[in-house]
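Protein chains: 2
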Amino acid sequence: MSPLDALVFDAYGTLFDVHSVISKCEQLFPGKGTALSQLWRSKQLEYTWLRSLMGRYADFDQVTADGLSHACRALGLACTAQTLAELKQAYQTLHLFDDALAALRALSAMHPRPRLAILSNGTPEMLNAVVKHNQLDMVLDHVLSADAVGIFKPDPRVYQLAADRLRMAPDRIGFVSGNGWDAAGAKVFGFTVFWVNRANAPVEELGVAPDHTLSSLHELPGLLADGGVS
Amino acid sequence: MSPLDALVFDAYGTLFDVHSVISKCEQLFPGKGTALSQLWRSKQLEYTWLRSLMGRYADFDQVTADGLSHACRALGLACTAQTLAELKQAYQTLHLFDDALAALRALSAMHPRPRLAILSNGTPEMLNAVVKHNQLDMVLDHVLSADAVGIFKPDPRVYQLAADRLRMAPDRIGFVSGNGWDAAGAKVFGFTVFWVNRANAPVEELGVAPDHTLSSLHELPGLLADGGVS
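Heads up: the sequence lines are chains D and B, in that order. Read in order, the letters of the first sequence are residues 54 to 283 in our numbering. Read in order, the letters of the second sequence are residues 54 to 283 in our numbering.
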């Protein structure tokens with residue numbers, strides 16, 4: 054079997070560190086930055102799942118604002134509209150994880166070069182902004198948003214979008230995610246799945262296991278080049 | 054308009070206190086009881102939503118065990134199979150919230166008496182056990198499980214089950230939940246919704262609001278009798 058034809062990356066928590074908003078949170082709410090960032094992320098994800106199940110889709114920009122708003126209230130932080138806007142704006146300038154750029158460059162230099170894409174819950178506007186901010190527009194062939202199908206991961210329609218746009222069978226696509234639940238959803242769909250488990254967390258107990266577990270994206274190019282993955 | 058014809062209660066977190074497992078958790082893992090109980094509940098819910106979206110239903114007994122298993126690993130607690138079984142068993146003897154029994158009795162004594170039911174993610178076996186343990190089998194007309202439709206709340210098919218079994222239009226049914234996200238899902242479905250907000254938490258930002266917010270179930274019978282709810 055030939056090597057994988059494409060690598061599709063999740064964005065938030067995989068290439069981009071959602072917790073790079075901590076410094077901004079900490080600046081606005083001294084001593085509460087980490088707690089706010091964690092609860093914000095947690096509510097943001099929860100709302101994507103709940104809205105998907107309820108059949109009440111709102112885009113990720115809205116859900117991100119809603120998660121932030123709830124997190125502030127739950128922590129008793131007085132968030133003005135301006136504070137909320139400022140924090141949400143920080144999502145457009147999230148940092149790349151240290152291992153991400155080197156991995157993407159190495160993948161770009163492979164022969165044959167696999168197609169490289171993002172598949173994310175983020176809106177096209179949010180994704181284009183953070184991709185451009187981190188100068189990834191030169192290495193990515195596609196930036197795909199769940200917004201095109203009006204539901205969030207791990208609904209299979211989101212993963213299907215990547216197979217459709219790349220015109221490839223799911224098992225020819227390597228899907229890379231730092232989110233264990235996203236890795237599980239992608240595996241159920243049929244991708245070859247790489248879970249980037251930077252925090253050395255226990256696997257999510259969802260009845261499926263990723264094909265490969267990496268401690269960082271540094272391992273990815275070697276794994277593909279070795280022919281260990283096909 | 055006549056008063057509501059039925060009151061349908063969520064079980065876990067509404068009638069039964071899921072955190073009544075804390076003492077058992079604390080006994081097994083001194084100093085970690087509260088953290089374990091909270092993470093267990095959090096993963097249990099997360100897994101119901103994720104499995105529903107992935108199209109990989111497993112029943113609530115399994116998901117409860119999976120959430121517990123993950124929580125133990127994430128907290129670095131050595132859980133033997135026996136410990137896991139012992140803790141899961143505690144779900145069959147969860148305590149009623151202090152306000153629940155009095156409210157159910159008062160509702161039972163109303164004229165006309167509304168039909169009283171449970172609609173829960175729990176399996177029939179789990180629900181029957183905890184209902185019997187708390188001697189609620191005498192006051193409840195129906196104990197309905199999401200297991201009959203093979204998906205979890207807040208998917209509308211779960212709420213539809215109650216309307217179907219009670220043979221009532223959704224707006225004739227009052228749905229009572231202590232879980233803000235469940236109250237939101239029930240409202241989207243079309244029930245008249247009572248959110249029991251014992252912890253005085255901020256409302257979930259899901260684009261819908263419950264019809265009534267109560268600080269405890271003590272308020273429910275009076276609210277219905279006053280004719281404020283129809």
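Each residue gets a CB set at the ideal place from its N, CA and C atoms; glycine is no exception.
Segments assigned alpha helix (DSSP H), at least 4 residues, entirely inside the segment 60–131 of chain D: 75–81, 86–107 and 113–127
Buried versus exposed call for Q188 of chain B [16 or more other C-beta atoms within 10 Å across all chains shown]: Under the 10 Å beta carbon count, Q188 of chain B is surrounded by fewer than 16 other beta carbons and is classified as exposed.
Counted within 10 angstroms of its Cβ, other Cβ atoms place T67 of chain B as buried (16 or more) or exposed: Under this definition T67 of chain B is a buried residue.
Contact set between H123 of chain B and chain D, taken where Cβ atoms lie within less than 7 angstroms: Close partners of H123 of chain B in chain D (Cβ separation under 7 angstroms): P255, E257 and E258.
Local conformation of H164 of chain D per DSSP, three classes: coil
Simplified DSSP state of A170 of chain B, which is helix, strand or coil: strand
CA nearest to the CA of G108 of chain B, picked from D:R109, D:Y110 and D:W102: D:W102
R225 of chain B: CB within 7 angstroms of a non-hydrogen atom of the ligand ATP: Ligands displayed in this structure: none; no statement on the ligand ATP is therefore possible.
Buried or exposed (CB count within 10 angstroms, at least 16 for buried), M179 of chain B: buried
Contacts around L149 of chain D, its chain only, beta-carbon distance under 7 angstroms, and the 5 residues preceding and following it disregarded: Cβ neighbours of L149 of chain D within its own chain (closer than 7 angstroms, five residues either side excluded): L68, F69 and N187.
Endpoints, the beta strand (DSSP E) within which H271 of chain D is located: The continuous stretches of beta strand (DSSP E) do not include H271 of chain D, and DSSP gives it neither H nor E.
Limits of the unbroken beta strand (DSSP E) element including G227 of chain B: Its beta strand (DSSP E) spans residues I226 to S230.
Minimum C-alpha distance to V74 of chain D - residue among D:F247, D:L130, D:K141 and D:D194: D:K141
Member of D:P83, D:A134, D:V249 and D:R225 whose CA lies at the smallest distance from the CA of F242 of chain D: That would be D:R225, whose Cα lies nearest to the Cα of F242 of chain D.
Backbone CA spacing between W93 of chain B and M163 of chain D [nearest angstrom]: 43 angstroms
V71 of chain B versus M191 of chain D: straight-line alpha-carbon distance, rounded: 51 angstroms
Within-8 angstroms CB hit, G175 of chain B to chain D: no
Straight-line gap, E79 of chain B to L121 of chain B (C-alpha atoms, nearest Å): 14 angstroms
Cβ-based burial, N253 of chain B [other Cβ within 10 Å; buried from 16]: N253 of chain B should be labelled exposed.
Contact check, L89 of chain B vs A131 of chain B, beta carbons under 8 angstroms: no
C-alpha gap between W248 of chain D and A278 of chain D, whole angstroms: 18 angstroms
Separation of L172 of chain B from D264 of chain D, as counted between CA atoms: Taking the straight line joining both Cα atoms gives about 38 angstroms.
Straight-line gap, N181 of chain B to L157 of chain B (C-alpha atoms, nearest Å): 17 angstroms
Cβ neighbours of A155 of chain B in the same chain (closer than 7 angstroms, five flanking residues each side left out): H271.
First and last residue of the uninterrupted beta strand (DSSP E) at L197 of chain D: H195 to S198
Delimiting residues of the alpha helix (DSSP H) encompassing V183 of chain D: P177 to H186
Contact check, Y144 of chain D vs L259 of chain B, beta carbons under 8 angstroms: No; because the gap between Cβ atoms is not below 8 angstroms, this pair is not in contact.
Presumed contact (8 angstroms Cβ cut-off) between D112 of chain D and D235 of chain D, rounded CB distance: Incorrect: roughly 18 angstroms between the Cβ atoms, too far for contact.
Residues that DSSP places opposite W234 of chain B in a beta bridge: Answer by DSSP bridge pairing: none, since W234 of chain B is not bridged.
Spatial neighbours of V246 of chain D in its chain, beta-carbon cut-off 6 angstroms, leaving aside the 5 residues before and after: F228, A236, A239, K240, P263 and D264
Proximity test, Cβ basis, 8 angstroms: T208 of chain B and chain D: Per the sequence presented here, residue 208 of chain B reads as Asp, with Thr not at that position. Contacts with chain D at 8 angstroms (Cβ-Cβ) include D208 of chain B.
Own chain, CB closer than 7 angstroms to K206 of chain B, minus 5 neighbours either side, in chain order: N174, A199, D235 and G238
DSSP-derived helix/strand/coil call for L154 of chain D: helix
C-beta contact flag for Q135 of chain B and T117 of chain B at 8 angstroms: With respect to T117 of chain B, Q135 of chain B sits apart: the two C-beta atoms are not nearer than 8 angstroms.
Proximity test, Cβ basis, 8 angstroms: V202 of chain B and chain D: no
Interface flag, R94 of chain B vs chain D, CB-CB below 8 angstroms: no
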